[in-house]
Amino acid sequence: MLLPSEMSKITILAHKSNGDKLVEALHESGLMEIERVSVKGIEEGKIHPDAGILAGYDLRLGRILEILKGYAPRKKGIKNLLKKKVEKKRVRKRSMEEKIREAEKLLEEIEQTVLENERRINEIEEEIEFLRAEEKKLEYLALFDINVEWLGKSKYLIIKFGISTDLSSLEEKNIDFYYRKIGEKKENKWAVLIVAHSSMEEEVSKIKNFEEIKIEGEGKARELLKEIRKKIKDAIKEKEEIKKRLAKIYRQRRLELLAIKEEIEIEKERKEVYRNFGETLYTFLIEGWCLAENAEKVRQIVEEATEGNNAIFIKKAKRNPDEPPIHLENPKWAKPFETFLELFALPKYNEINPTVFLGIAFVIFFSMMLGDAGYGMVIFLLSLAAYIKFKESEFIRSWSFVGIWLGVGNIITGFLFNSFFGDFIPRFIYGDAEKMLYNAEIFGMTLPIDAIHKPVLILSIALILGLAHLNLGFILAVYKNLKRGHVKDIFIEQIPWFMLEIGGGMLIGETLLELWQLSSIAKIIAIIFTVIGLISLFKRNGALGFFEITGFLGDWLSYARLLALGLATAGMALAFNVIAELLPDIVPYVGIVLVPILLVVAHFANLLIQSLGAAIHSLRLQYVEFFNRFYEGGGKKFMPFQIRRKYTEEIK
């Protein structure tokens, strides 16, 4: 469908006594997006009183889950990074009160235990941090065979221990001191023990580059160090035991917690939606949108939920000037490309939905810019494996489907442009780097086209594709203006460009490129088209019409990046093959072993880097050059009020 799906505006007036039943029915149907009512003379709705209670349970359950999740063992590996099938709990339909009772019962069983264990872990971590600091001090002091209680001031002696960064300041004071190197090789850092007569207290206090360390306790530093380390070991052991207990609780109660939290969230959504309603003393006013095809279903749902005690008004939105939310109806294969469109902007309600065109052009441009059959096979096989393996993940399957098409596209362009891991086959299989992958002639054209040696031909193909892409944008703009009823704009905005391209192209082809010889009539037609096109552009834009022309030429030449990135891929691949071929001569014996390793690593790195560049530049051609011809954007996505279940499955 070239335009976003048709929408209908729905207004419902229902008695307050039917509020809960109606909200539940709309929520379960998932057909209607509910907007905030803002009508003069109608009081704005208030959030349901139960929403606060439900929010409290949601917060408590979320906190417990967050704590437990932090202590659950984490599985490693690529497989575990990919989304697996989510385990679901089967639940029966029940009232909000029953769900709250279950949540309260579950929290009574584990909340206190979890919070106390979490608190104890925090206490242990603080204790370990303190003990680590004491351990470090004692490690330094243990370098000197003294008792800890000797440190300090006595009747005759002052004994101080600390860290110095400059021993010369101690030597200058003519004070007895002992030191041990503790820093890195080039680091000036020493553990220092100062021994001085008590009469020198003031002089000792003025020593520079010395940081005193105070240690409490009795006995040898080495003995105290052993005690500290034992305490640290015991604390760590206790912490690990608590973590295991919490991990066990998470393993046993995870699904139960997630399921009841999800059900509480569903109830909370139903209570919070009341703030979007308009409200009178006895009624609720509900406004929103639904797909036009579902309008009668919504009417039936409202009738059943309110037992006919309602007033419902349904009006199909006009393409102009209404601005309902946007729902895009695309083929299944094009669905993943909606993400690319959303990154830019969704279309307005009276605008073209360009997802299909974006998807097709993305595959073509990506395939030309990567343009290697070997890389295409890697993409195809990996995508196909993911598509088959991860059947339970719709996300992975949809993007794998895109990868399959990108792989096929690159296999085709690779064989068209003589590239299979660069020149791998001619160089290593045929033994002649100048030889083609194959030789064929189709419709008078010799294949494959050697892209590296015939870049002008590839550039011509790129520019033809670019011109077709830009003109597709103009055609879509014509269609958009027709749908909007802006026929005049077609003659002002699009027709001049068509005339200028046809007329200017005919004249340039004859005079500059010498591609053909125009007859007198054809030349007159070309001149007329060109003049009319130029007059229209300058009339509409004034002096800026010149920049419109240069801007169009700039956009067109941007498609030359199809050649540039394609050559970059082929050039890098060729360079890696040359290095691999020379490696056995550079490093005899060992080089033969390194060749396959180098080829695999280098080509895989090239595949990743060039794929990223191809994807980015393919999107740029869509967003800047193509969309600039017809697309504005600015639509808001259709977000129906619906139940979203991940961990529960409701049964009758």
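Going by the numbering used here, the sequence shown opens with residue 390, and the numbers climb by one from there. Backbone N, C-alpha and C define an ideal beta-carbon position, used for all residues, glycine too.
Rounded C-alpha distance that separates residue i from residue j
{"i": "threonine 672", "j": "asparagine 665", "result": "14 Å"}
{"i": "isoleucine 653", "j": "glutamate 455", "result": "16 Å"}
{"i": "isoleucine 916", "j": "phenylalanine 1016", "result": "29 Å"}
{"i": "leucine 504", "j": "phenylalanine 1030", "result": "35 Å"}
{"i": "glycine 419", "j": "leucine 450", "result": "26 Å"}
{"i": "valine 475", "j": "leucine 647", "result": "11 Å"}
{"i": "glutamate 507", "j": "lysine 549", "result": "40 Å"}
{"i": "glycine 748", "j": "threonine 728", "result": "11 Å"}
{"i": "aspartate 332", "j": "glutamate 424", "result": "Residue 332 lies beyond the stretch modelled for the chain, which goes from 390 to 1041, so this question has no answer here."}
{"i": "phenylalanine 755", "j": "valine 426", "result": "46 Å"}
{"i": "glutamate 712", "j": "alanine 706", "result": "8 Å"}
{"i": "valine 745", "j": "serine 808", "result": "29 Å"}
{"i": "proline 973", "j": "alanine 959", "result": "23 Å"}
{"i": "glutamate 493", "j": "lysine 780", "result": "37 Å"}
{"i": "glycine 980", "j": "phenylalanine 817", "result": "15 Å"}
{"i": "glutamate 573", "j": "phenylalanine 806", "result": "58 Å"}
{"i": "tyrosine 776", "j": "isoleucine 785", "result": "7 Å"}
{"i": "glutamate 903", "j": "isoleucine 814", "result": "39 Å"}
{"i": "isoleucine 850", "j": "isoleucine 891", "result": "18 Å"}
{"i": "glutamate 576", "j": "alanine 610", "result": "25 Å"}
Candidates the options: closest to residue i by CA position
{"i": "arginine 640", "options": "Leu971, Phe754, Leu457", "result": "Leu457"}
{"i": "leucine 530", "options": "Gly606, His586, Val593", "result": "Gly606"}
{"i": "lysine 824", "options": "Val687, Ile838, Glu1038", "result": "Ile838"}
{"i": "proline 743", "options": "Leu1008, Asp711, Ser787, Lys704", "result": "Leu1008"}
{"i": "glycine 796", "options": "Arg816, Val752, Pro815", "result": "Val752"}
{"i": "glycine 894", "options": "Arg1018, Ser849, Thr919, Leu987", "result": "Thr919"}
{"i": "asparagine 407", "options": "Ile818, Glu658, Gly697", "result": "Gly697"}
{"i": "isoleucine 547", "options": "Gly833, Ile564, Ser558, Leu805", "result": "Ile564"}
{"i": "leucine 997", "options": "Gly434, Leu644, Leu805, Gly765", "result": "Gly765"}
{"i": "isoleucine 793", "options": "Leu805, Thr802, Ala774", "result": "Ala774"}
{"i": "arginine 463", "options": "Ile617, Val480, Phe533, Ala636", "result": "Ala636"}
{"i": "glutamate 417", "options": "Ala610, Ala694, Ile638, Lys626", "result": "Ala694"}
Where the beta strand (DSSP E) containing residue i begins and where it ends
{"i": "asparagine 699", "result": "699-705"}
{"i": "alanine 403", "result": "396-404"}
{"i": "tyrosine 568", "result": "565-570"}
{"i": "methionine 961", "result": "No beta strand (DSSP E) contains methionine 961, which is instead part of the alpha helix (DSSP H) from 950-975."}
{"i": "glutamate 422", "result": "421-424"}
{"i": "isoleucine 741", "result": "Isoleucine 741 -> no beta strand (DSSP E), and no H or E assigned at all."}
{"i": "glutamate 1038", "result": "1037-1040"}
{"i": "isoleucine 881", "result": "Per DSSP, isoleucine 881 belongs to no beta strand (DSSP E) and is neither H nor E."}
{"i": "glycine 677", "result": "672-680"}
First and last residue of the uninterrupted alpha helix (DSSP H) at residue i
{"i": "threonine 802", "result": "783-805"}
{"i": "leucine 946", "result": "934-946"}
{"i": "lysine 660", "result": "610-661"}
{"i": "glycine 408", "result": "408-418"}
{"i": "histidine 586", "result": "From DSSP, histidine 586 is part of no alpha helix (DSSP H) but of the beta strand (DSSP E) over 579-586."}
{"i": "glycine 441", "result": "438-460"}
{"i": "glutamate 528", "result": "485-530"}
{"i": "threonine 900", "result": "884-900"}
Proximity of residue i and residue j at Cβ, strictly below 9 Å
{"i": "alanine 957", "j": "glycine 811", "result": "no"}
{"i": "tyrosine 1036", "j": "lysine 482", "result": "no"}
{"i": "glycine 763", "j": "isoleucine 847", "result": "no"}
{"i": "isoleucine 436", "j": "isoleucine 517", "result": "no"}
{"i": "valine 691", "j": "alanine 414", "result": "yes"}
{"i": "cysteine 679", "j": "glutamate 515", "result": "no"}
{"i": "isoleucine 701", "j": "serine 397", "result": "no"}
{"i": "valine 593", "j": "alanine 585", "result": "yes"}
{"i": "phenylalanine 941", "j": "tryptophan 886", "result": "yes"}
{"i": "glutamate 590", "j": "lysine 544", "result": "no"}
{"i": "proline 844", "j": "glycine 1022", "result": "no"}
{"i": "leucine 670", "j": "isoleucine 401", "result": "no"}
{"i": "lysine 628", "j": "alanine 440", "result": "no"}
{"i": "serine 908", "j": "glutamate 682", "result": "no"}
{"i": "glutamate 740", "j": "tyrosine 1020", "result": "yes"}
{"i": "proline 725", "j": "phenylalanine 769", "result": "no"}
{"i": "valine 480", "j": "isoleucine 1040", "result": "yes"}
Any chain B beta carbon closer than 9 Å to residue i
{"i": "arginine 521", "result": "The structure shown contains no chain B; it is built from a single protein chain."}
Original post:
Can you find at least 3 beta carbon pairs, one from the region 710-721 and one from the region 1016-1033, that sit closer than 8 Å?
Top reply: yes
Original post:
Would the region 998-1005 and the region 756-763 be scored as touching if the rule is three or more Cβ pairs under 8 Å?
Top reply: yes
Subject >> At least 3 beta-carbon pairs within less than 8 Å: the region 558-569 vs the region 511-527 >> reply: no
**OP:** For the region 851-859 and the region 943-950, state whether three or more C-beta atom pairs, one from each stretch, are separated by less than 8 Å.
**Re:** yes
**OP:** Indicate whether the contact test is met: 3 or more Cβ pairs, each with one atom in the region 654-663 and one in the region 547-554, closer than 8 Å.
**Re:** no
Original post:
Pairing CB atoms from the region 839-846 with CB atoms from the region 858-877, are three or more of them under 8 Å?
Top reply: no
**OP:** Say whether the region 482-495 touches the region 537-544, bearing in mind that this needs 3 or more beta-carbon pairs closer than 8 Å, one atom from each stretch.
**Re:** no
Subject >> Touch test, the region 723-740 against the region 919-929, Cβ-Cβ under 8 Å, three pairs minimum >> reply: no
Original post:
Counting Cβ pairs closer than 8 Å, one from the region 986-994 and one from the region 959-975, do we hit at least three?
Top reply: yes
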